[in-house]
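Step one of this worksheet: look at the structure below.
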Amino acid sequence: MTRTVLITGGSRGIGRATARLLGTRGWSVGVNYAQNLAAAQETVVEVERAGGCALPVAGDVANEADVIAMFDTVEQTFGRLDALVNNAGIVAPSMPLADMDLARLTRMFDVNVLGAYLCAREAARRMSTDRGGAGGVIVNVSSAAARLGSPNEYVDYAGSKGAVDTLTLGLAKELGPRGVRVNAVRPGLIDTEIHASGGKPERAAQLGATTPLGRPGRADEVAETIVWLLSEAASYVTGALIDVSGGR
Ligand code: NAP
1 MTRTVLITGG SRGIGRATAR LLGTRGWSVG VNYAQNLAAA QETVVEVERA
51 GGCALPVAGD VANEADVIAM FDTVEQTFGR LDALVNNAGI VAPSMPLADM
101 DLARLTRMFD VNVLGAYLCA REAARRMSTD RGGAGGVIVN VSSAAARLGS
151 PNEYVDYAGS KGAVDTLTLG LAKELGPRGV RVNAVRPGLI DTEIHASGGK
201 PERAAQLGAT TPLGRPGRAD EVAETIVWLL SEAASYVTGA LIDVSGGR
């Protein structure tokens, strides 16, 4: 039976690597993106080449109507929903909290917290066995920042990921009896474009060298853990926060 997943922010970075790996396992993948359709289309091609089915799904996770439409599109196209990878997230330029303006703080929490909660809510509504669903799996993509705090860089981002961890702990207890496992992966310094979007393209390489494993991680190394959590091999794992951070 083909299983179906929606990956928010599936078009680039960790989301794309997860989509590609799920393609090798024959999954159908809704590849959500916010702005970059070309990247989403490239990811769709990679999933199909790997052996899966895929579809670009536009939408801003911070917008409730977009989120509902994203889930509707995946269910209508593939006929079912088995999993959510709650992965879309942003950073912003490094600075102390004292220099952050309201617009930045609002967008950070809208995308990383409200977006994650809205997507988890939609998944819960559709997959919970007490609401007619068939059960499923949610993997939230948090960050090692949730336990490091990211001082002088982005305490806003770190706090938003703390909320994702807490969502994971609570929702695992709420949805376990309803057939849905909920876990989080906390990547460390992973070589993706997110660092450039925060104004520091060399951040992963520079700081990665200072970690116990002496290098930044790759998106496919995070994808391996996400895909394991989605699989039956992790059938007794829920409420876990799993670091993929090279020991950082
Ligand atoms: P990335 O390479 O910058 O990719 C971000 C993805 O999220 C893109 O597909 C982007 O789509 C999408 N996105 C951004 N804002 C969105 C929104 N409002 N609605 C829907 N999609 C949106 O990031 P990444 O490094 O793969 O990060 C993925 C997740 O891992 C994030 O939650 C991040 O916080 C977390 N993480 C990353 C690292 C790291 O070192 N890379 C470490 C710890 C945690 P568009 O291109 O269309 O905007």
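Note that full-length UniProt numbering has the sequence shown beginning at 1, numbered continuously upward.
Heads up, the beta-carbon is just placed ideally off N, CA and C, and yes, glycines get one too.
Because the structure is a prediction, the values reported are computed rather than measured.
Whose CA, out of the options, lies closest to the CA of residue i?
i: residue 188; options: 205, 175, 174, 180; result: 205
i: residue 198; options: 30, 48, 93, 83; result: 93
i: residue 155; options: 133, 90, 171, 136; result: 90
i: residue 133; options: 20, 50, 177; result: 177
i: residue 245; options: 202, 191, 229; result: 191
i: residue 115; options: 145, 102, 84; result: 84
i: residue 27; options: 202, 221, 158, 47; result: 47
i: residue 221; options: 237, 165, 186; result: 186
i: residue 137; options: 218, 145, 144, 128; result: 128
i: residue 163; options: 50, 3, 146, 238; result: 146
i: residue 225; options: 214, 11, 183; result: 183
i: residue 10; options: 61, 3, 1; result: 61
Could you tell me if the beta carbon of residue i falls within a distance shorter than 7 Å of some heavy atom in the ligand NAP?
i: residue 218; result: no
i: residue 246; result: no
i: residue 33; result: yes
i: residue 189; result: yes
i: residue 193; result: yes
i: residue 14; result: yes
i: residue 57; result: no
i: residue 150; result: no
i: residue 89; result: yes
i: residue 111; result: yes
Is it right to say residue i is buried, meaning 16 or more other beta carbons lie within 10 angstroms of its own, or is it exposed?
i: residue 216; result: buried
i: residue 97; result: exposed
i: residue 153; result: buried
i: residue 254; result: Residue 254 lies beyond the residue range present for the chain, which begins at 1 and ends at 248; the question has no answer from this structure.
i: residue 235; result: exposed
i: residue 151; result: exposed
i: residue 140; result: buried
i: residue 32; result: buried
i: residue 203; result: buried
i: residue 24; result: exposed
i: residue 36; result: exposed
i: residue 135; result: exposed
i: residue 108; result: buried
Give me the Cβ distance between residue i and residue j, rounded to the nearest whole Å; I'm assuming they're in contact under 8 Å.
i: residue 59; j: residue 69; result: 6 Å
i: residue 87; j: residue 194; result: No, residue 87 and residue 194 are not in contact; Cβ-Cβ is about 11 Å, not under 8 Å.
Completely contained alpha helix (DSSP H) runs for the segment 166-210, where each covers 4 or more residues: The segment 166-210 is shown to contain whole alpha helix (DSSP H) runs of 4 or more residues at 194-197, 203-208, in chain order.
Whole alpha helix (DSSP H) elements within the segment 67-122, 4-residue minimum: Runs found: 102-109.
Every unbroken alpha helix (DSSP H) within the segment 128-154, with a cutoff of 4 residues, ordered by chain: 145-148, all fully within the segment 128-154.
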